[in-house]
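In the numbering used here, the protein residues as written are 5 to 354.
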């Protein structure tokens, strides 16, 4: 009953097999091999246009370099108060940019409120050196609390960013989970809605170690190539990331794994909703479920073999959490089974 994180899951067997298939022989290094080129072309096909793709090792690297691509002296990037980029990157974006800032914007359940964004960005006049100047806007899809920006919400935030002459970055660590939940296309969820640069995650959804920066603003590509090298993120044997993406995309595997994870989250949420000892904090939309449970019950379930994390209460959360209760996060993955979900349901039924 492992609901701690989709990062805890292993690699999908098809992706492991893809790595093994390309383990031998020789290939041009540093992203110039035939397998790399085929992977870049596959990204073009998926996004329905030419994109620049940069393989990196981690989501932290993808997010940090994406914002660094638009760096300015005194720069400020705007993101949700509880976004991963501001809460869980250990200051990496500020480090990579040499001192730019992340500025928190409020909004319900992990999503930037467009009106708050407009007001917040408007506080910083680009010509005033004392306070710094706006540099970028970053959104997380799906969010840190398992919610999803609709296409209209993305377009509205993009319009505000463009009004202020700012690029829009999307942190897509769980990109596929949001995509299948919206039943849309990668193009519609990104550049057609005004996204300029994307952190494209594969690791949480069945890959071994495969993340990418997808750049729609091709004029930035040459500069980003140098930034990636200086950040020690240029792999010599990058074919092993390309091999993962080859298997990831083949026959829609990446969409199937995301649909499965989302379905297991929905199954888990239904059991929590029917439970006498736990309740949903809010409705899940992707593969993360948040529930309020008595601390003593949570401890007993942990001892019975369930892995999950207690979670900090979101800034805007207005639900009641008693003194003897806490908020907990449950994450499902491609490897989650219906049997382990149902077993957990039995443990919290009474």
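Ideal Cβ placement from N, Cα and C applies to all residues, glycine included.
Residue environment, residue 138, which counts as buried when at least 16 other CB atoms sit within 10 Å: buried
Length of the line joining the Cα atoms of residue 102 and residue 225: 20 Å
Validate contact between the segment 36 to 43 and the segment 122 to 140 using beta carbons, cut 8 Å, 3 pairs: no
DSSP beta-bridge partners of residue 298: 329
Proximity below 8 Å, CB of residue 105 to CB of residue 143: no
Continuous beta strand (DSSP E) assignments of at least 3 residues falling wholly in the segment 250 to 313: 282 to 284 and 292 to 298
Three-state secondary structure (DSSP) of residue 345: helix
The ligand ATP heavy atom lying under 7 Å from the CB of residue 130: Ligands in the displayed structure: none, and consequently the ligand ATP is not present.
Per-residue DSSP class, three states only, for residue 223: helix
DSSP-derived helix/strand/coil call for residue 79: strand
At least 3 beta-carbon pairs within less than 8 Å: the segment 66 to 73 vs the segment 196 to 212: yes
Assumed close pair residue 194, residue 51 - CB separation to whole angstroms, cut-off 8 Å: 7 Å
Rounded straight-line distance, which links the Cα of residue 253 to that of residue 171: 28 Å
Residue burial classification, residue 325 (beta-carbon count within 10 angstroms, cutoff 16): exposed
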